[in-house]
Structures are given as structure tokens and as C-alpha cells.
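1 is the number of the first residue of the sequence shown in UniProt numbering; add one for each residue after it.
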Amino acid sequence: MSTASAASKPTASRLPCLFDPSQPVKALSVAFWLWKAILFVAIVSCPGLGYDTSSSLLPLLDNGSAEALSSPSKHVSLPIPLKFARWDSIYFVHIGQTGYVFEQEWAFSYAYGYLVRSLSSFVPPSYDSGGAAEFAVAGVALSHVAHYLSVLVLYRLSINVFGNDTERKRLLCFLSAALHIICPAGAFLSAPYMESLFSFLNFTGFYIYSSSCIDLLKEKQSLSHVKLLITGCLFAVATAIRSNGILSGILLAYDAFAQTYKIITRRSFGAIVRLGFLVLSGSTVALGLMIPQYFAYIAYCMNEGVSRPWCQSFIPSIYGWVQAHYWGVGFLRYWTVSNLPLFLLASPMLLILFLSCFWGLGAPVPLSFKTPIKARIAIPSGPAATLLTQLAIVQLILATMALTSYHVQIINRISSGYPLWYWYIAWQALGTSDRSSFRIKYSSQFMVIVQAMVMYGLIQGVLFGSFLPPA
């Protein structure tokens, strides 16, 4: 074999043995737990309470010790589990232990807090922390397991979309999953945060939906429709965990419009049946957002002794009110000079998100699921191309909302639950041509991105453990 031909193939021998795509599950597992161990050491090695001392209040949630409040020296150090209780995690610990006490806590998922509280009952009490340490242990364990499973699910989802019949496709699927391990969410995927669980639920929903599309192509209508319902349930739970999960319902809405078009133009009975399942599945997704709002409405708006301004809104939503009133979320409200560093921090991730959206929206007109790559931009056709388009729309809305309405820096962590940008980076790493010059060019860019992710993750881990921004 000539040197030129050998250089043109993205072979596994050029990769470290740790990342051998010929044994993807084993390689991803080793890489995952190695990275988690490094982050764990980085976080727990941070001394004391950190810059913000809010964690010192966690052990007092049950005993309310005024003496401890007046003696901060007793809280110079924290149990290792509470090293992970930073930023929003403190709210989750409080909600998990006592339920919602303050109105502003409704900005955080009760479903997540309740789940971790249930899991914490299986953790043997080891610290005099009023259950806070046990909650943190359960949250950290849940985040690690959910993140690990989301890596494996993303790998399977990638195979559904791109196939694995060539070495290039197998490597693309592998690299995409590997990128999720070291994504900028970093320490937030290890701490008692919602991101890991949301990623797992969202990826699994995408995977089941893609399987439904494949089954429909194979004329397995019944199985396909059942998977649609499962997809709706997964997206509903994901929405209950993180409200941006409602955006995943766009996949179902897009499909519903496509089936409506078939009904109008072809009078297809099969399209009518599928549309019915899509509507049912989409309605299920909406429940993930509506049920928590209903509980809040009962608590605040049906009580004669309590009345809040949001109760009088046309669509009473405690979540929207709390985000705007307490957390300053709203259109262009974050656009201040003092927040410019946070926009700079988020800009690389936003750029990648927007570029990958344009890439996904450039998918060719659907022809067949396994069509060979012929297009200039060389992205799949058929249901795979349609899924890329759907995911691009979802991600485009998310990125736009983060830029205009959210606390912009959170895009570095909430983007972890969306697969399109992983695929985009991996695709660019492998190139769209068999010529070695393209492969070398994109591999160089890929390594820069990987190195930047690793450096950011390590620095962020130390900052997180020290209770310092960014959050």
C-alpha cells in the first residue's frame, strides 16, 4: 500500500489505543471514567468552602443551628460530597429535603429534586449534615451514571443517523460520543445538576424517534407508532427535568406537518394513523411542562390568603414569572456591559451551535436512508437528513434564545444535551473528501477543539470546586 493511500484513511491505528473505535463501548467506557476521575480530583482538591460560603448552610437545613451560623470557623471544611454542592445544586438540595419553600425555587425542577431525594434514602448516613451529604452523594452518582449512559446512547443514535457500514462512519459515531465525554458542561455533568439526566433522556428520546423512523421505512408501522409514544414520554420527563426539553417536541411537530401534507396530497390512511400518534405523543411532551405549572397554580392561585401577580396572567406560569422577576431572564435583559465577559465566554459554543445548525439545515432532499454520500457537503439523505434538519431547528432556537434571553453562559452546559454539534465537529474532523489534505486540515482543527475542551473542563472543574464563576 502506498504512503498516500494509507494517509487517506482515518484508521484506528492512528488513534491512541485508549480510543480504539474497533472496541467502541470499551474505549468510551475507559475514557469516560478516566476523565471523571480527573475531574473528581480537581474538584475535591479545592480547599475550604470556596469563594462563596453558601455551602456552609447546607448542614443546617434540618437542625437550624443558630450557634453554627454565628461560628463560621466550624465550617472551614466540608465533607467531600458537599464539594459538589455548588451554585444551583444548593437549591436542589434544599428542594429535595423540604420541597418548595420560596417562590424563586420554582425555577428549579422539582422532579429532579424528588428523584435525588428518593435515591438518597438508599445512601447510608455518613456525615452529620442533616441529610445534605447523602443527597449530594445520590446526585453525584446519578449524574455520573446518566452521563455515562448518555455517551453510549449518543453512539447508538449516531449509528442510526449515519450508519456504520464504513470505517469513516464508525469513526464518526465514535468521535461524536467521545466529544460528549469532554464537552464544556464539564463539572456540571458530575455534580448534582440536571444536565446529565437531561442529556440521557433527550438523547434516548432522539434515539427512539430515529428508530421509529427506520421501522416506518421497513413497514413496521405498529412498532414505529409504539416508539413514537415512548419518545413522547421521554421528552416529557426531560421537559420536567429541564424546561428547554419542550423544544424536542419540535421533532414531533415537524413530523406532524409532514404527515398532514401527505394526507392532503396523497389521501394516505397510514399518514392519518401516524398523525394521530404524533399528536398523542406531542401532547404527552406538553404535560412535562404543564403539570408542574398546575401544582404551582394550586399552591398560589387557589388559596384565598395568597395571591401572586402571575396568577392573573392570560397563561399563568410561575416558571416564566420567577425567571423574569427573580433571575432577570428576558429578551435582551442580559445584554449589559458588565455581562460582556460572559458573552465572550459563551461565544465559542454559540459559534459552533450556529455553524452546526447551518450544516444540518443544508441536508439534501430525502431520497433513501442508506443513499451513498454524493452531495458536496456530504451529509446523509432520507430520514437521516430529515432528522438532521429537525435537530438543527431545535438547536437553532435554543442557541438564539441563549443569545437573546438566557443567562448566556449557561449555553456551555445546556448544549450538552443536543447531538447535532457533536456530529458537526466529528464530521469536520474526518472531512468530506478522501483526499489526505482535507483530512489533515480537519484533523488539525479537531485537535485544537479537543484540547480547548479539555483545558476548559479542567479549569472549570477547579473554579467549580472553589465556588467561583462561571456557572
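Cβ coordinates follow ideal geometry from the N, Cα and C atoms, glycine included.
Boundaries of the alpha helix (DSSP H) in which R168 is found, first to last residue: E167 to I181
Distance, Cα to Cα, S368 vs K218? Confidence is the limiting factor: at S368 the pLDDT is only 32, short of 50, which leaves the residue's position unreliable, though a coordinate-based value still follows. Looking at the two C-alpha atoms, the distance is approximately 12 Å.
- Give the straight-line distance between the Cα atoms of V273 and K227, rounded to the nearest whole angstrom. 14 Å
Pop quiz: S281 and T204 are said to be a contact at Cβ under 8 Å. What is the actual Cβ separation, rounded to whole angstroms?
The Cβ separation is near 14 Å, so there is no contact.
Does the structure place the stretch 351–362 close enough to the stretch 395–412 that three or more beta carbon pairs sit under 8 Å? yes
- request: Alpha carbon to alpha carbon, how far is G465 from L342? Give it in angstroms, no decimals.
  value: 19 Å
inquiry  = Rounded to the nearest angstrom, what separates G417 and Y110 at their Cα positions?
reply    = 19 Å
* Asked: Applying the criterion that 16 or more other CB atoms from any shown protein chain within 10 Å of the CB defines a buried residue, is V153 buried or exposed?
  -> buried
- Message: Using 8 Å as the threshold, is the C-beta distance between L430 and L171 below it?
- Response: yes
### Message
Is there a Cβ of chain B sitting closer than 8 Å to that of E304, yes or no?
### Response
In the structure shown, chain B does not exist; there is a single protein chain.
Tell me, to the nearest whole angstrom, how far the beta carbon of E195 is from that of A187; I am working on the premise that it is less than 8 Å.
In fact, because the Cβ distance is near 10 Å, the residues do not count as touching under 8 Å.
Inset, instruction - Indicate whether the contact test is met: 3 or more Cβ pairs, each with one atom in the stretch 303–315 and one in the stretch 242–259, closer than 8 Å. - result: no
Worksheet entry | I318 versus A296 - alpha carbon distance | 7 Å
Practice problem: Output the distance between the C-alpha atoms of L216 and I459, rounded to the nearest integer angstrom. | Solution: 46 Å
**Asked** Is the beta carbon of L157 sitting closer than 8 Å to the one on A236?
**Response** no
Next item on the list: Within 10 angstroms of the Cβ of N160, are there 16 or more other Cβ atoms? Answer buried if so, exposed if not.
Entry: buried
Straight-line gap, T284 to C233 (C-alpha atoms, nearest Å)
6 Å
Requested in this report: Specify the secondary structure class of W335 as computed by DSSP and reduced to three states.
Outcome: coil
Have a look at T166, V329 and P192 and flag the residue whose alpha-carbon is nearest the alpha-carbon of residue 497. Missing from the structure shown is residue 497; the chain here goes from 1 to 471 and no further.
Notebook entry, point to check: Can you list, in chain order, the stretches of the alpha helix (DSSP H) that have 4 or more residues and sit fully within the stretch 269–355?
Noted result: 269–301 and 318–325
- Query: Between S443 and the rest of its own chain, which residues show a CB-CB distance below 7 Å, the 5 nearest in sequence each way excluded?
  - Reply: A429
(Q) Would Q390 and I250 be called neighbours here (beta carbons separated by less than 8 Å)? (A) yes
Check: Roughly how many angstroms lie between the CA atoms of E134 and T98, to the nearest whole one?
Finding: 14 Å
- prompt: Taking all protein chains shown into account, do 16 or more other C-beta atoms lie within 10 angstroms of the C-beta of P192, making it buried, or fewer, making it exposed?
  reply: buried
| task | Quick one: give me the first and last residue of the alpha helix (DSSP H) that V30 is part of. | result | P24 to V44
Among A177, G276, G320 and L223, which has the Cα closest to the Cα of A107? G320
Beta-carbon contacts of K36 that lie in its chain and below 7 Å, excluding the five residues immediately before and after | H144 and S190
Practice prompt. Could you please give the first and the last residue of the uninterrupted alpha helix (DSSP H) stretch that includes H225?
Written response: Q221 to I241
Can you tell me the Cα-Cα spacing of Q23 and F174, whole angstroms? 10 Å
Under the three-state reduction of DSSP, which class applies to H144: helix, strand or coil?
helix
* To do: Pull up the distance between the alpha-carbon of A299 and that of A385, whole angstroms please.
  => 45 Å
State the start and end residues of the unbroken alpha helix (DSSP H) segment that holds Y193. From DSSP, Y193 is part of no alpha helix (DSSP H); its letter is neither H nor E.
- Taking Cβ positions, are F84 and V25 nearer each other than 8 Å? no
Can you tell me which of R333, I80, F162 and I264 puts its alpha carbon nearest to the alpha carbon of A426? F162
*asked:* Comparing C-alpha positions only, which one of Y294, L247, Q293 and L28 sits nearest to S415?
replied: L247
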